[in-house]
Amino acid sequence: MTRFYLIFTALLFGFLSHAQKQGSAKRPNIVYIMSDDHGYQAISAYGYGLNKTANIDRLAKEGILFNRATVTNSLCAPSRAVLLTGKHSYINGKIDNEAKFNWDQDNFAKLLQQHGYQTALIGKIHMDGIPQGFDHSAVLIDQGEYYNPNFIINGEKQQLQGYVTDLTTDMTLDWIAHRDTNKPFCVLYHQKAPHREWLPALRHIKSYTEQTFKEPATLFDDFSNRGTAAKTAEMNILKHMSWAGDNKVPPAIVDELGIKSFLTWDKAAFNNNLGRMNEAERAAWDSVYNPIMEEFKAKYPNMSQEDLMRWRYQRYMQDYLGTVAAVDDGVGRLLDFLKENDLDENTIVIYTSDQGFYLGEHGWFDKRFMYEESLRTPLLIRYPKEITAGSKSDALVQNLDFAPTILDYAGVEIPKEMQGKSFRKIMNGKEKKFRDAIYYTYYEYPSIHMVKRHYGIRTDRYKLIHFYYDTDEWELYDLEKDPQEMRNVYADPAYRKIRAQMLKKLDKIRKEYKDSDENNQRFVSQIKNK
C-alpha cells in the first residue's frame, strides 16, 4: 500500500510538473517598453516626417499601431503609477511627481508573480522605494542621468559606465538571457530618454546637429481664442527653455552675451550633465558642440526674437531627436535578440511612452495639458499569434488599460478594482467597439511650467476641459474641424447642443470612475497645507 502510494504520488507530481511547464510555455512572454516624453510625432510610423525610427516602425509593420492611445495624467511618475495599478491617479494616490506612491498596493506585476511569471523592472520608474512585484529591479534614481548614470540594482546603489539608453538595453537583454526558461517572463524595459535635458549618444550627435527640421505650423501661436491656462503656461521654447541646460550653450558664453536665464538651475544643469562624462566623452562632445556655440555667439547680437525662436527650436529638435535615435537602436537590438533566441513568436512586445510631448506645437516643449500632443501617446504592439501585421486602430485606449490587457494575455483574472479594461479583443479583431470617451486629470499646479489644474473628456470628435483652482474656465474643441485646437468653441452658440451633451457625458464618466469636485478640493487642500 505504501509503495503503491509513493509510486502514484511520484507519477502525479511528475504529471502536474509537466502540465505546469506546458501551461507556462503556452503563456506569452511580455516585454513592455516605455520611453519618457516620446511624442508620437517623433516616430516615423505615425507619418509626421520629423525623423526615422526604423526599429520602432517594425512593431507597426509586424503588429498594430494605435492612433488614439492616450494617458490619464500627462506626467512622468503618475503615468507609471497608472500603468502598474490600472487605476486613475486620484485612486492610486500618485497625483503628481511629488506625492508618495504606496508600493504596498496591488499592481499587475505582483499578480503575474503570483501566477508563475518571472518579472523585472529595468530603467526609469521615478518613484521612491524598492519596487514591489519584481524578482529583479535595476532602476534609475529620480530622473536619472544620461552619461555614466547611477542605478539602484536590487536595493544597492551603483554607478555604471556608459550611456544610459544603451545600459538599460544591455541589462534588459542580459536579464532575459539568464532567466529561468521554465517560466514565462514579463520585463518592464523603461528608458529615461528622451527626457529633458536631452543628451544624445555620442554616435548620433554629429549627424543630428547637422540637420534642419521642419517647423510646426503653430510655432508662433499667440493663443487667441484660447483661455487663461494656455496663455500663462511657462512652456515656451523662446521664453522658458534653459539656454545652458537645454540648448547646451556653455555658461561662459551665456555670461559673455549677457543672456538672462529663466531658470536658476540652468548653468548647474549644463555643468552637472556634461560633468558626468569622462575625458574622452567630453572631448568628443565638445568637438561637435563648440563650433555650433561659437557660431551662435557671433550671430547673437544681430538676431531678432523670431530668429532666436527658430534657432532654439532647431537646437531642441537636434538634441531631442538625436536622443530618440538611441532608443530606436535599443528596440532594434531587442527585436533581433528575441528572434535569434526563438522568443519572437511567443513574446508580446509593447512600445509606448509615459505621455506625449510638445515638439514646438503652440511654441511649446514639455507636456501636462490635455491638448492632443500631450494627451496622446505612441502605442505599437507586436504579437504574431494574435495580431495581424500592419493593423491600425482608432480605439480610445488609455494607459489605464495596460495592466488589464497584460493580465488578460497572461491568463490572470483582472481585479474588479482596476478601472481600465483589456483591449486584447480590439487587437485580435474580435471586437470593434471599445469606449466612447476617455477621462483625464492633471494636478501639479502651482509648479514648474505652471499648467493649471484641469480635468476633462475626449470622444472621437470632441474634447471638453475644465480648468479650476485659481480660475474657472471651460474649453470645448471640435477635433474634426480644428485638429490643432486653435479655437475654443465652448461659448459658441453653434455648439450649444454639443456642449450640453459633453457636460452630461463628463458628469456620467466622473461618477463611473469615482471622481468628484470633492476629490479636487482634497488635493488642493494638501497643497495649501504644505
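Note that the sequence shown covers residues 10 to 539 in my numbering. Virtual Cβ for every residue (Gly too), placed ideally from N, Cα, C. Quick caveat, the model's predicted, so the values are computed rather than measured.
Closest in alpha carbon position to THR221, among GLY58, HIS204, MET312 and ILE162, is GLY58. The region 339-347 makes no contact with the region 291-305: fewer than 3 CB pairs, one atom from each, lie closer than 8 Å. Annotation for HIS249: the continuous alpha helix (DSSP H) segment containing it runs 246-249.
Taken atom to atom, the span from the alpha-carbon of ARG377 to that of LEU512 is near 22 Å.
Straight-line spacing of the CA atoms in ASP353 and LEU344 works out to 7 Å. In the DSSP assignment, GLN493 falls outside any beta strand (DSSP E) and carries neither an H nor an E. For LYS439, the closest of LYS109, SER431 and ASP445 by C-alpha to C-alpha distance is SER431.
Taking the C-beta atoms as reference points, TYR360 is found nearer than 8 Å to PRO387. The three-state reading of DSSP puts GLN323 in helix, counting H, G and I together. If you draw a straight line from the Cα of THR397 to the Cα of PRO424, it is about 28 Å long. When DSSP states are grouped into helix, strand and coil, LYS133 belongs to the coil group. DSSP places ILE100 inside the alpha helix (DSSP H), whose first and last residues are 98-101. Per DSSP, GLY284 lies in no beta strand (DSSP E); the unbroken alpha helix (DSSP H) holding it starts and ends at 275-284. Nearest to TYR499 by alpha-carbon distance, out of GLN200, ARG385, HIS475 and ASP113, is HIS475.
By the Cβ-count criterion, GLN170 is exposed, with fewer than 16 other Cβ atoms from all chains shown falling within 10 Å of its own Cβ. Here THR450 is actually not in contact with SER88; their C-beta atoms are around 12 Å apart, not less than 8 Å.
The criterion of a C-beta distance shorter than 8 Å is not satisfied by GLU304 and ASP255.
Annotation for TYR41: the continuous beta strand (DSSP E) segment containing it runs 38-44. Remark: C-beta atoms of ALA147 and ILE134 do not approach each other more closely than 8 Å. Every unbroken stretch of the beta strand (DSSP E) spanning 3 or more residues and falling wholly within the region 334-417 is given here in chain order: 356-362, 388-391 and 400-402.
The beta carbon of ASP105 is closer than 7 Å to those of LEU84, PRO87, TYR452 and GLU453 in its chain, skipping five residues each way along the sequence. If you draw a straight line from the Cα of PHE532 to the Cα of ILE150, it comes to about 26 Å. At the C-beta level, ASP144 and GLN167 stay beyond 8 Å of one another.
Distance from the Cα of VAL196 is smallest, within the candidate group ALA202, GLU521, GLN493 and ILE415, for ILE415. The beta carbons of GLY48 and GLU494 sit about 15 Å from each other, so the pair does not count as a contact at 8 Å.
When DSSP reads this structure, CYS195 sits in a beta bridge with ILE39 and THR128. One alpha carbon belongs to ASP46, the other to TYR329, and they sit about 10 Å apart.
Distance between PRO310 and ASN60, taken at the CA atoms: about 32 Å.
DSSP places LYS506 outside any beta strand (DSSP E); the residue lies instead in the alpha helix (DSSP H), whose first and last residues are 505-521.
Of the residues assessed, GLN314 falls on the exposed side of the cut-off, its CB having fewer than 16 other CB atoms within 10 angstroms. Closest by C-alpha distance to TRP252, out of ASP231, TRP274 and GLU243, is TRP274. With 16 or more other CB atoms across the displayed protein chains lying within 10 angstroms of its CB, ASN408 is buried. In the three-state DSSP reduction, ALA147 falls in the strand class (E or B). Take the alpha-carbon of ILE262 and the one of TYR155: they are about 23 Å apart. Counted as a single uninterrupted DSSP element, the stretch harbouring GLN167 is not any alpha helix (DSSP H) but the beta strand (DSSP E) occupying residues 165-168. Here GLY369 is near GLU224, since their CB atoms are less than 8 Å apart.
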